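S.K.: Input: one structure, supplied below.
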Amino acid sequence: MFKRALICTDFEDGLQRLVHFVPSLAASGLEQITFFHNVSLLADREIPRVDTEQIEAAREQLSAAQQSVPDGVVVEIEVQSGKAADNIIKVAKSSGADILFLGMPTRSILNEKLFGSTTLGIAKQVDLPLMILRPQLIATYREQELALRTQHLFQYFLLPYDGSESAKQLIQQVKERAAAIADCELEQCLLCWVIDDSSRRELQVPDPVGHAEAELESVRDELESVGLKVSLEVRQGNPLEEILKSAEVNDITAIAVRSGSSSFIARLSVPSFTSALLRSSWHPIVRFPSEHS
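Per the working numbering, the very first residue in the sequence shown carries number 3; after that it's consecutive.
Right, dumping it as C-alpha cells:
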C-alpha cells in the first residue's frame with residue numbers, strides 16, 4: 003500500500019527503535035525507508051549555530067538501520083538542523099515519500115494534540131498520509147513482538163464511515179491505493195458506522211440502522227472490487243467510544259481516518275477528538291490527507 007516511508011523521530015517517541023526492524027518494515031511492503039532526526043540550533047550566542055556534535059551523534063544512532071538491509075530495499079539517514087517542520091517537509095519531497103511516520107508526544111495533554119505545533123505545519127503542507135504511533139505502543143513490545151507488529155502495519159484497517167463526503171473520500175483513497183499496487187499489503191478492512199444518538203441528521207432517517215447497513219453493503223462492494231476482504235459493523239452511541247470499542251474487539255492493525263468537513267468523521271481531524279482517540283487507543287492511526295491539504 004505504501005512503498006517509500008519517511009520515519010521521523012526525536013529519540014523520545016520510540017520510533018528510533020525501528021532502525022533495528024528494517025527487514026520487518028520491508029516485509030510490510032516498504033522499498034525505501036528514510037530515517038529523519040532534527041537537531042535544534044544552538045542559541046547560546048546572538049547568532050544561532052549548528053550543533054555539529056549532536057548531528058554526528060544522531061547519525062551514529064540512526065546508522066544501525068543500514069546494517070541489515072534486505073535486497074531491493076534502500077535505507078537512507080537524514081539529520082538536519084533548524085525548524086523541524088520545515089526540514090521534514092523538505093526531506094519528504096526530496097525522498098519521494100508516500101507516507102510519514104510520526105510519534106505522538108505524551109508529556110501533556112497540550113502536546114498530545116495531533117494537529118498542533120510541528121505536526122500541524124506538516125499536515126497543512128504535505129499531501130501525504132501520516133502514520134501516527136504512540137510511544138507506548140512501541141516501548142512495551144519485546145523485539146519479537148515489534149518485529150511481528152511492523153510486518154503487518156498495513157494489513158487490516160478499521161475504516162470509520164458515516165456516509166459523509168469525507169468518509170466517501172477516505173474509501174476512495176484506500177481503494178485507489180489498494181488497486182494501484184499488485185499484492186497490496188492491505189488485505190482486509192472493517193467498515194464501522196456509528197449511529198450518533200446526538201446527531202440530528204441521523205435521527206431524521208426513519209430506520210438509521212437499516213440505512214447504515216444498506217450503504218455499507220454498497221461500500222463493501224467497492225472495496226471488494228479491488229480484492230479486499232471487507233467486514234461490516236453498525237454501532238450506536240458516542241462515535242469516539244464506539245470506534246475504540248470496535249478496535250479493541252476486532253483484530254485490526256490500524257485505524258484509518260481522513261481530514262474532512264462533515265459529521266463525526268470530521269471530528270477525527272480536530273485536536274480534541276484526535277487527542278482523545280490517540281490517548282485512549284493503542285492502535286496506530288493512519289491519517290489520509292484531504293484533497294486540499
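Glycine included, C-beta positions come from ideal geometry on N, C-alpha and C.
Given the structure is predicted, the values throughout are model-derived calculations rather than measurements.
For the ligand FAD, is there a heavy atom less than 7 Å away from the beta-carbon of Tyr158?
M.R.: Because no ligand of any kind appears in the structure shown, any question about the ligand FAD cannot be addressed here.
S.K.: With DSSP run on the structure shown, which of helix, strand or coil describes Lys5?
M.R.: coil
S.K.: Does DSSP classify Ala87 as helix, strand or coil?
M.R.: helix
S.K.: DSSP has Lys231 in a bridge; who is on the other side?
M.R.: Gln190
S.K.: Just to confirm the assignment, what range does the alpha helix (DSSP H) spanning Gln175 have?
M.R.: It spans 167-182 - the alpha helix (DSSP H) in which Gln175 sits, taken as one unbroken run.
S.K.: From Asp253 to Arg179, what distance separates their C-alpha atoms?
M.R.: 21 Å
S.K.: Measuring CA to CA, which of Ser282, Gln174, Ala249, Leu64 is closest to Arg222?
M.R.: Of the candidates Ser282, Gln174, Ala249, Leu64, the one whose C-alpha sits nearest the C-alpha of Arg222 is Gln174.
S.K.: My understanding is that Ile124 touches Ile79, with C-beta atoms under 8 Å, so please give their C-beta distance in whole angstroms.
M.R.: Incorrect: roughly 20 Å between the Cβ atoms, too far for contact.
S.K.: Any chance the region 23-37 sits against the region 64-71, with 3 or more Cβ pairs inside 8 Å?
M.R.: yes
S.K.: Quick check: the Cα distance between Ala67 and Ala28, rounded to an integer number of angstroms?
M.R.: 12 Å
S.K.: Buried or exposed for Pro50, going by 16 or more other Cβ atoms inside 10 Å?
M.R.: exposed
S.K.: Taking only the alpha-carbon atoms, compute the straight-line gap between Tyr143 and Asp209 and give it to the nearest angstrom.
M.R.: So the alpha carbons of these two residues sit roughly 44 Å apart.
S.K.: From the DSSP output, in three-state form, read off Arg222 for me.
M.R.: helix
S.K.: Would you decide whether Thr11 is buried or exposed? Buried here means 16 or more other CB atoms lie within 10 Å of its CB.
M.R.: buried
S.K.: Helix, strand or coil for Ser137 per DSSP?
M.R.: A quick correction: the sequence has Pro, not Ser, at residue 137. Helix at Pro137.
S.K.: If you reduce the DSSP assignment to three classes, tell me which class Arg144 lands in.
M.R.: Here Arg144 carries a coil assignment [DSSP, helix/strand/coil].
S.K.: Helix or strand or just coil, what does DSSP make of Thr152?
M.R.: helix
S.K.: Kindly say whether Ser168, judged by its beta-carbon, lies nearer than 8 Å to any beta-carbon of chain D.
M.R.: Chain labels in this structure do not include chain D; a single protein chain is all it has.
S.K.: For Pro162, which of helix, strand or coil comes out of DSSP?
M.R.: The three-state secondary structure of Pro162, taken from DSSP, is strand.
S.K.: For my contact list, Trp284 and Arg136 are in at a C-beta cut-off of 8 Å; report their separation, rounded to the angstrom.
M.R.: 7 Å
S.K.: What three-state label does DSSP hand Leu130 in the structure shown?
M.R.: coil
S.K.: Could you work out which residue in Lys5, Asp88, Ala182 is closest to Ile101 when comparing CA atoms only?
M.R.: Lys5
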